[in-house]
Amino acid sequence: MHDARIVEVTPLRIVSLLPSATEILCCLGLADQLVGISHECDYPSSISGLPRVTHSLLPSNATSSQIDQAVRERWKTEPSLYALNGQLLADLKPDLIVTQTLCNVCAVPASGVQTAIRHMTPQPAVLNLEPSTLSDIFESIRQVGIASNCERRAEATLAELEERVERVTRTSCDIEMLPTVVLLEWIDPPFSAGHWNPELVARAGGEDFFKRGGQQSIAIQWEQIVAADPEVLVIACCGFDVPRTLQDLPTLQSNPQWSSLTCVQTGRVYVVDGSAYFNRPGPRIVDSLELLAHALHPTLHPRPTGLPPLHSVSPQVPVRVLPTSAPRTVAWIGGTAILPDRLLPNSTVLCRNGRITAVSEREEIPDQSLTFDVRGKYVSPGFVDIHVHGGDGADFMDGQVEAVEQVCRAHLRRGTTTIFPTTTTGTPQQILAMIAACQSVALCASNPELTTGLPNLPGVHLYGPYFAEDKVGCHSSTGRRSPTRDENQAYFDTQFVRIATCAAELPGASEFYQMARQSHCLITCGHSNSSWGEMLTAFEHGMRHVDHFWCAMSSVPSLRKRFNVPMQASMAEFVLMHEDMSTEVIADGFHLAPELLEFAYRMKGATRLCLVTDANRALGMPAGEYRFGNRESGSWLYSDGQVGWSQDRQSLASSIVGLDHMVRHMHAHTSASLPEIIRMASLTPAERAGVEQNLGSLSPGKQADLLILDSQLSVEQVYVRGQRCGPQV
């Protein structure tokens with residue numbers, strides 16, 4: 001008989017000073033032992049509330065060139081790019097501090113840590129990690145496991161990671177023609193990624209041109225990239241996510257011979273979240289390998305489940321650097337400005353540097369201004385559409401940059417200067433691809449140094465897939481499901497979801513609303529058969545909006561079928577009874593009769609009622625059959641040239657007109673004033689989506705997004721940031 005004793009291990013108090021160590025600790029199940037982290041630790045999201053013991057001494061929101069210059073200047077006089085809060089560190093009383101000695105650009109140097117703990121009693125253990133190769137990264141995981149008393153868990157984690165690496169390597173080993181790859185970890189100046197990255201390229205089935213495996217990354221010249229003429233270019237800027245990297249991408253694109261590079265001509269330039277992948281020597285380095293393998297050989301390596309695809313930079317994306325001449329004032333004179341609460345006849349609207357500087361009846365116009373006489377016209381704020389799927393034959397769910405641009409231009413012609421691309425039902429991979437494509441276009445559209453003829457894309461509307469089973473409507477039922485925490489997190493981690501919809505009665509709805517609230521989204525309920533009680537629970541979790549009123553939503557009769565007696569109050573009654581609730585109408589002349597539009601306006605008013613298109617890809621297209629949602633797997637609909645129908649022609653399937661049509665229809669068929677109607681198409685949706693500080697009205701300081709409308713409210717001219725974009729875009 002053996003003497004079995006249970007040895008209890010006292011949990012440690014751990015401080016992590018680098019993001020990769022934080023990821024390792026959490027991967028080993030030690031998140032509850034973390035008491036402090038660095039300012040750069042951002043994954044997993046569960047650690048976001050922990051005290052941060054460091055902060056950066058570098059300028060924020062600087063370009064890659066400015067950051068590089070600041071690093072070099074600071075190193076002339078200072079040993080560190082970061083400040084360590086020694087007092088906070090001492091107050092946390094750590095037993096173990098995990099840091100690194102690999103790179104002083106990445107974290108507080110080890111010497112700074114030793115100085116900070118010199119007078120701490122007792123002194124914590126310090127684990128310095130210094131990985132340079134893939135095997136070093138795995139050894140770091142093992143070291144963290146030993147130091148934190150969870151060696152078995154570390155070994156199990158390593159076995160899984162090593163098996164995944166071996167699977168990729170085995171699949172790639174028989175490839176005869178290896179594509180030449182350049183992997184950049186910085187743009188200006190360009191840095192060739194070293195350390196473990198050349199090994200990742202080799203295991204993924206590529207040939208790293210600069211071959212600096214196990215060595216530090218080095219600055220290279222543009223001419224060296226031209227000489228390499230890579231078949232694949234991967235840009236993973238250290239510390240930059242995809243949108244931030246795309247801001248600096250024009251620096252590369254403006255170089256001579258950019259367009260002649262093989263990778264550009266074949267569309268094999270990829271931008272990846274360099275703060276999450278390739279540059280963090282932790283568990284997600286294997287994710288990086290799998291992403292890279294799929295990019296190099298998509299037919300051999302399937303896209304990794306649950307991971308965002310590498311963002312492909314299309315050679316067709318129109319990017320042009322604007323001239324750097326002195327900015328001019330633009331003036332629109334003589335028109336009737338449409339303000340949120342009134343009309344301003346014979347107005348002067350001034351804009352400079354893309355922003356409105358004045359709106360008044362009489363305003364002195366600076367010399368050499370670019371002046372437009374718009375007498376007899378209306379000057380309106382650009383429209384804001386918070387619920388829109390497609391147009392001109394494309395749908396946002398196609399998940400491609402070209403499709404996103406196509407839809408955006410279709411609606412820009414019709415006066416929409418701010419658009420929230422809206423998901424349908426679909427797979428997680430399709431939704432993540434849609435978000436990534438929209439992020440790419442959004443960064444080009446928002447860069448003041450570029451002109452692209454595109455509207456603003458502040459974020460996406462996560463609409464599908466969380467619908468009630470009996471309220472799917474024209475969406476594909478196969479892509480409908482209830483929310484789960486992991487899937488929610490994948491979407492919110494993109495930091496590009498601005499509006500979030502979920503049917504209130506679904507399992508997991510409350511958790512979804514909580515996560516959406518933490519991500520500062522407008523929280524909505526749609527495609528739902530929820531009761532008053534379920535709506536009240538959703539309201540308590542932050543839900544404040546209901547999608548397309550009277551369409552695919554509960555009613556007293558539908559709830560009678562669900563609950564029998566007594567009859568239940570529905571979503572409609574809840575919205576009408578709660579002042580804080582807003583909603584939206586599809587005013588295309590087919591979805592809702594004029595008396596319903598009038599009723600919605602009278603009950604909610606212009607500050608709580610939005611006009612939305614809910615338009616599909618048939619907008620601007622001839623009558624015929626079209627996919628709603630993804631072009632390969634979306635449900636079929638029929639367009640008769642006026643509205644969308646289900647295949648059996650028995651129910652409507654979203655609209656095929658723009659917001660300009662809906663403005664005209666509301667003006668013709670309701671008692672709402674023109675300022676109120678324009679508000680419903682601009683400022684009110686901007687307010688609900690949280691972008692009203694910059695968009696949605698003709699107000700000094702806001703972005704100069706405006707329309708010139710004729711006397712019949714048809715769009716004649718479209719301006720984004722004061723730049724003429726259409727309607728012939």
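Quick note on full-length UniProt numbering: the sequence shown kicks off at 1 and runs consecutively.
Even glycine gets a Cβ: it sits at the ideal position worked out from N, Cα and C.
Review point. Can you tell me the Cα-Cα spacing of M397 and T424, whole angstroms?
Key: For this step, residue 397 is matched to residue 397 along the sequence shown. For this step, residue 424 is matched to residue 424 along the sequence shown. Approximately 7 Å between the Cα atoms of the pair.
Review point. In terms of alpha-carbon separation, which member of R627, P675 and W550 lies closest to G605?
Key: In the sequence shown, counting from the first residue as 1, residue 605 sits at position 605. P675 is the residue among R627, P675 and W550 whose C-alpha sits nearest the C-alpha of G605.
Review point. Which residues in the same chain as L592 place their Cβ atom closer than 7 Å to its Cβ, once the five residues preceding and following it in sequence are excluded?
Key: Counted from its first residue, the sequence shown places residue 592 at position 592. The residues are W550, V585 and I586.
Point to revise | For D136, the three-state DSSP class (helix, strand or coil) | key: As a first step, residue 136 must be located in the sequence shown, where it is residue number 136. Three-state DSSP puts D136 in a helix.
**Study point:** Residues sharing a beta bridge with M543, DSSP
**Key:** Stepping through the sequence shown from its first residue, residue 543 is reached at position 543. Answer by DSSP bridge pairing, in chain order: I523.
**Study point:** H297, enclosing alpha helix (DSSP H) - first and last residue
**Key:** Here residue 297 is taken as the residue at index 297 of the sequence shown, counted from 1. Under the DSSP assignment, H297 falls outside any alpha helix (DSSP H); it carries neither an H nor an E label.
Exercise for review: Please name the residue in G213, G390 and S570 whose C-alpha comes closest to that of T613.
Suggested key: Residue 613 sits at position 613 when you count from the first residue of the sequence shown. The shortest C-alpha separation from T613 is found at G390.
Review point. What number of angstroms, rounded off, separates the C-alpha of S38 from the C-alpha of A83?
Key: Stepping through the sequence shown from its first residue, residue 38 is reached at position 38. Stepping through the sequence shown from its first residue, residue 83 is reached at position 83. S38 and A83: Cα-Cα distance of roughly 10 Å.
Exercise for review: Along the beta strand (DSSP E) that carries residue 749, what are the first and last residues, could you check?
Suggested key: As displayed, the chain neither begins before 1 nor continues past 729, which places residue 749 out of reach and without an answer.
Review point. Exposed or buried, what is S711 when buried is set at 16 or more other beta-carbons lying within 10 Å of its beta-carbon?
Key: Within the sequence shown, residue 711 is the residue found at index 711, counting from 1. In the assembly as shown, S711 is an exposed residue. Its beta-carbon has fewer than 16 other beta-carbons within 10 Å.
Review point. What do you reckon, are the CB atoms on A503 and A509 nearer than 8 Å?
Key: Along the sequence shown, read from residue 1 onward, the residue named residue 503 stands at position 503. Along the sequence shown, read from residue 1 onward, the residue named residue 509 stands at position 509. Cβ atoms of A503 and A509: closer than 8 Å.
Check your understanding: Residue ranges of each alpha helix (DSSP H) run of no fewer than 4 residues wholly in the segment 43 to 100, ordered along the chain?
Key -> List check, alpha helix (DSSP H) in window: 64 to 75 and 86 to 92.
Review point. How long is the line joining the alpha carbons of T427 and E632, rounded to whole angstroms?
Key: Working through the sequence shown from its first residue, we reach residue 427 at position 427. Working through the sequence shown from its first residue, we reach residue 632 at position 632. Taken atom to atom, the span from the alpha-carbon of T427 to that of E632 is near 12 Å.
Practice item. Identify the continuous alpha helix (DSSP H) that holds R355 and give its terminal residues. Key: Counting from one through the sequence shown, the residue named residue 355 turns up at place 355. Taken as a continuous stretch (DSSP letters only), R355 belongs to no alpha helix (DSSP H), being part of the beta strand (DSSP E) at R355 to S360.
Point to revise | C-alpha distance - E534 paired with L637, whole-angstrom precision | key: Taking the sequence shown and counting its residues from 1, one reaches residue 534 at position 534. Taking the sequence shown and counting its residues from 1, one reaches residue 637 at position 637. Distance between E534 and L637, taken at the CA atoms: about 31 Å.
Practice item. Just mark P190 as buried or exposed, buried being the case when its beta carbon has 16 or more other beta carbons within 10 Å. Key: By one-based count along the sequence shown, residue 190 stands at place 190. Buried is the label assigned to P190, since at least 16 other Cβ atoms lie within 10 Å of its Cβ.
Review point. Roughly how many angstroms separate the alpha carbons of A276 and L576, rounded to a whole number?
Key: As a position in the sequence shown, residue 276 is number 276, starting the count at 1. As a position in the sequence shown, residue 576 is number 576, starting the count at 1. A276 and L576: Cα-Cα distance of roughly 44 Å.
Check your understanding: Between A569 and the rest of its own chain, which residues show a CB-CB distance below 6 Å, the 5 nearest in sequence each way excluded?
Key -> As a position in the sequence shown, residue 569 is number 569, starting the count at 1. Around A569: W532.
**Study point:** First and last residue of the uninterrupted beta strand (DSSP E) at E584
**Key:** As a position in the sequence shown, residue 584 is number 584, starting the count at 1. Following the DSSP letters along the chain, one finds E584 inside the beta strand (DSSP E) bounded by residues S582 to V585.
Check your understanding: Would you call R170 buried or exposed, if buried means 16 or more other Cβ atoms sit within 10 Å of its Cβ?
Key -> Against the sequence shown, residue 170 aligns to sequence position 170. The residue in question, R170, is exposed, as its Cβ has fewer than 16 Cβ neighbours within 10 Å.
Review point. Closest by CA to I285, which one among V181, Q247, A204 and F512?
Key: Position 285 of the sequence shown, counting from 1, holds the residue named residue 285. Per the C-alpha coordinates, the member of V181, Q247, A204 and F512 positioned closest to I285 is A204.
Practice item. Take A31 and list the residues in its own chain whose beta-carbon comes closer than 8 Å to its own, dropping the five residues that flank it on each side. Key: As a first step, residue 31 is located in the sequence shown; it is residue number 31 there, counting from the start. For A31, where only same-chain residues beyond five positions count, the Cβ hits under 8 Å are L25, P44, S46 and I47.
Check your understanding: Touching or not, the segment 204 to 215 and the segment 165 to 185, by the rule of three or more beta carbon pairs under 8 Å?
Key -> Contact between the segment 204 to 215 and the segment 165 to 185 is present, because at least three Cβ pairs lie under 8 Å.
Point to revise | Buried/exposed call for R413, threshold 16 Cβ in 10 Å | key: Looking up residue 413 in the sequence shown gives position 413. That one is buried.
Exercise for review: Could you tell me if I146 is buried or exposed, where buried requires 16 or more neighbouring beta carbons within 10 angstroms of its beta carbon?
Suggested key: As a working note, residue 146 is residue 146 in the sequence shown. Exposed, since its Cβ has fewer than 16 Cβ neighbours within 10 Å.
Review point. In whole angstroms, what separates the C-alpha of C408 from that of E625?
Key: Against the sequence shown, residue 408 aligns to sequence position 408. Against the sequence shown, residue 625 aligns to sequence position 625. Approximately 21 Å, taken between the alpha carbons.
Exercise for review: Just the C-alpha distance for G206 and D241, rounded to the nearest angstrom, thanks.
Suggested key: Stepping through the sequence shown from its first residue, residue 206 is reached at position 206. Stepping through the sequence shown from its first residue, residue 241 is reached at position 241. When rounded, the separation of the alpha-carbon atoms in G206 and D241 is 24 Å.
**Study point:** Spatial distance of L58 from A490 (CA atoms)
**Key:** Mapped onto the sequence shown, residue 58 falls at position 58. Mapped onto the sequence shown, residue 490 falls at position 490. Spanning the two alpha carbons is a distance of roughly 29 Å.
**Study point:** Closest by C-alpha distance to G36, when choosing among A538, P256 and L12
**Key:** The residue given as residue 36 occupies position 36 in the sequence shown. Distance from the Cα of G36 is smallest, within the candidate group A538, P256 and L12, for L12.
**Study point:** Q650 versus K471 - alpha carbon distance
**Key:** Position 650 of the sequence shown holds residue 650. Position 471 of the sequence shown holds residue 471. Approximately 15 Å, taken between the alpha carbons.
Review point. Which whole-angstrom value is the C-beta distance of V460 and V497, which I expect to be below 8 Å?
Key: Numbered from its first residue, the sequence shown carries residue 460 at position 460. Numbered from its first residue, the sequence shown carries residue 497 at position 497. Contact holds; Cβ gap of about 6 Å.
Point to revise | Of the listed residues L695, G696, C237 and Q439, nearest to T63 (C-alpha basis) | key: In the sequence shown, residue 63 corresponds to position 63, counting from 1. The closest CA to that of T63, considering only L695, G696, C237 and Q439, is found on C237.
Practice item. Just the C-alpha distance for I225 and P250, rounded to the nearest angstrom, thanks. Key: Start at 1 with the first residue of the sequence shown, and residue 225 comes out as number 225. Start at 1 with the first residue of the sequence shown, and residue 250 comes out as number 250. One Cα belongs to I225, the other to P250, and the distance between them is close to 16 Å.
Review point. Candidates I419, L443, P298 and S482: which alpha carbon is nearest P465's?
Key: As a first step, residue 465 must be located in the sequence shown, where it is residue number 465. With distances taken between CA atoms, P465 lies nearest to S482 out of I419, L443, P298 and S482.
Point to revise | Span separating the alpha-carbon of L96 from that of A21 | key: Reading the sequence shown from its first residue, position 96 is the one you call residue 96. Reading the sequence shown from its first residue, position 21 is the one you call residue 21. In a straight line, the C-alpha of L96 is about 12 Å away from that of A21.
Check your understanding: What is the C-beta distance between residue 732 and S111, in whole angstroms, given that I count them as a contact (C-beta under 8 Å)?
Key -> Since the first residue of the chain shown is 1 and the last is 729, residue 732 is not available in this structure.
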